[in-house]
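*Asks:* There's a structure below that I have some questions on.
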């Protein structure tokens, strides 16, 4: 089967639109440099397909046309490392994720360009205060891992927080301003969205209230009158428990790193070198 590869023009559009930086939240690796010896630009990047360029590839969608698979909307500009990761760990990066990164990266870059406050004029105190507010909001819904399951104390607060984060941009009162803080906040938001989607299945109820009044995801197999139902649902349960644990670990790591920046007062990176 022939591959529906991006054209040279589309590859360049993906890279230029995000300033030659990897669009994966938390990475932002510069992907191009100027070689003074040859007088040309060198690249360490990949134009990655959201839906694979050919059958059998990661996230392949047979319903797309050749033009759609080769289009800008089906791509993302990633560094080599991130391009490999998203293609070998497809469960963690399902369809729509990496093309969504591209859109968000372009949106954030355009907003920063239109902002009345230039990057070099960022006030550290304001940035850290906004980030502290973000952390406080994360703490409000009380998510934890207890007795081999994920549980959430205040589900409404989580949903309110995710609605508030929709279209995350500099006008939000908890926007961290510094690029590395913003990327960490985006990682947390994306992870919480994944947890929320996994936590609730529309076709099956796997969530219940425990004795501490937490909303808790089932951690034990379920018995059903029909054997086929039992096997199918418990397969979903097993898979979701594993994914939820991975997402929860990611969330804890990202939040801890963000707290280290704010509460240990780590020196922000030099914006002119970032």
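Residue numbers (the working numbering): 19 to 292.
Cβ atoms here follow ideal geometry from the backbone N, Cα and C, with glycine treated the same way.
Keep in mind it's a predicted model, so treat the numbers as computed, not measured.
Hey, would you say residue 209 sits closer than 8 Å to residue 265, going by beta carbons?
*Replies:* Yes, these two residues count as a Cβ contact at 8 Å.
*Asks:* Restricting to Cα atoms, I'd like to know which of 131, 169, 175 is closest to residue 152.
*Replies:* If we check each option's Cα against that of residue 152, 175 comes out closest.
*Asks:* For residue 136, I'd like the list of residues in its chain whose CB is within less than 7 Å of its CB, leaving aside the five on either flank, ordered along the chain.
*Replies:* Here residue 136 scores only 46 on pLDDT, less than 50, and its place in the model should not be relied on; the value that follows carries that caveat. No residues qualify anywhere along the chain.
*Asks:* Which stretch, first to last residue, makes up the alpha helix (DSSP H) that contains residue 143?
*Replies:* Segment 142-158, the alpha helix (DSSP H) holding residue 143.
*Asks:* In the DSSP output, what is residue 274 paired with across the bridge?
*Replies:* DSSP output for residue 274 lists no bridge partner at all.
*Asks:* Count the other C-beta atoms from every protein chain shown that fall within 10 angstroms of the C-beta of residue 86, then say buried if there are 16 or more, exposed otherwise.
*Replies:* Label assigned to residue 86: exposed.
*Asks:* As a quick exercise: from 128, 60, 112, pick the residue whose alpha carbon is nearest that of residue 36.
*Replies:* Among 128, 60, 112, the Cα nearest to that of residue 36 is on 128.
*Asks:* Leaving out five residues on either side along the sequence, give the residues of the same chain with a beta carbon under 7 Å from the beta carbon of residue 101.
*Replies:* Excluding residues within five positions, the ones whose Cβ falls inside 7 Å are 64, 66.
*Asks:* Just list the alpha helix (DSSP H) runs in the region 64-144, keeping only unbroken ones of 4 residues or longer that don't cross its boundaries, in chain order.
*Replies:* Those alpha helix (DSSP H) runs which fall completely within the region 64-144 and span 4+ residues are 84-87, 98-106, 115-132.
*Asks:* Look at the alpha carbon of residue 304 and the alpha carbon of residue 142, and state the distance between them as a whole number of angstroms.
*Replies:* There is simply no residue 304 to check, as the chain begins at 19 and stops at 292 in what is shown.
*Asks:* How big is the Cα-Cα spacing for residue 276 and residue 204?
*Replies:* Those two C-alpha atoms are separated by around 11 Å.
*Asks:* Which whole-angstrom value is the C-beta distance of residue 72 and residue 113, which I expect to be below 8 Å?
*Replies:* So it is not a contact: roughly 15 Å between Cβ atoms.
*Asks:* Using a Cβ-Cβ distance cut-off of 8 Å, determine whether residue 210 contacts chain C.
*Replies:* The structure shown contains no chain C, having only a single protein chain.
*Asks:* Could you spell out the range, first to last residue, of the alpha helix (DSSP H) harbouring residue 34?
*Replies:* It spans 26-34 - the alpha helix (DSSP H) in which residue 34 sits, taken as one unbroken run.
*Asks:* Check whether the Cβ atoms of residue 91 and residue 117 sit closer than 8 Å, and answer yes or no.
*Replies:* In contact: residue 91 and residue 117 (Cβ atoms closer than 8 Å).
*Asks:* For residue 50, does the three-state DSSP call read helix, strand or coil?
*Replies:* It is a strand residue.
*Asks:* So residue 49 and residue 93 are supposed to be a Cβ contact under 8 Å. How far apart are they, rounded?
*Replies:* Not confirmed; about 14 Å, so no contact.
*Asks:* Taking residue 61 as part of the beta strand (DSSP E), name the residues at either end of that continuous run.
*Replies:* It spans 58-61 - the beta strand (DSSP E) in which residue 61 sits, taken as one unbroken run.
*Asks:* In the structure shown, what three-state DSSP assignment does residue 163 receive?
*Replies:* Strand, per DSSP.
*Asks:* Alpha carbon to alpha carbon, how far is residue 169 from residue 259?
*Replies:* Using only the alpha carbons, I get a separation of about 11 Å.
*Asks:* Just the C-alpha distance for residue 173 and residue 214, rounded to the nearest angstrom, thanks.
*Replies:* So the two alpha carbons sit approximately 9 Å from each other.
*Asks:* Check residue 203 in the structure and name its three-state DSSP category.
*Replies:* Three-state result, residue 203: helix.
*Asks:* Measure the C-alpha to C-alpha separation of residue 22 and residue 161 and round it to an integer number of angstroms.
*Replies:* Going from the Cα of residue 22 to the Cα of residue 161 covers about 43 Å.
*Asks:* For residue 99, which option in 51, 46, 57, 267 has the closest C-alpha, if you only look at C-alpha atoms?
*Replies:* Residue 99 has its Cα closest to that of 46, out of 51, 46, 57, 267.
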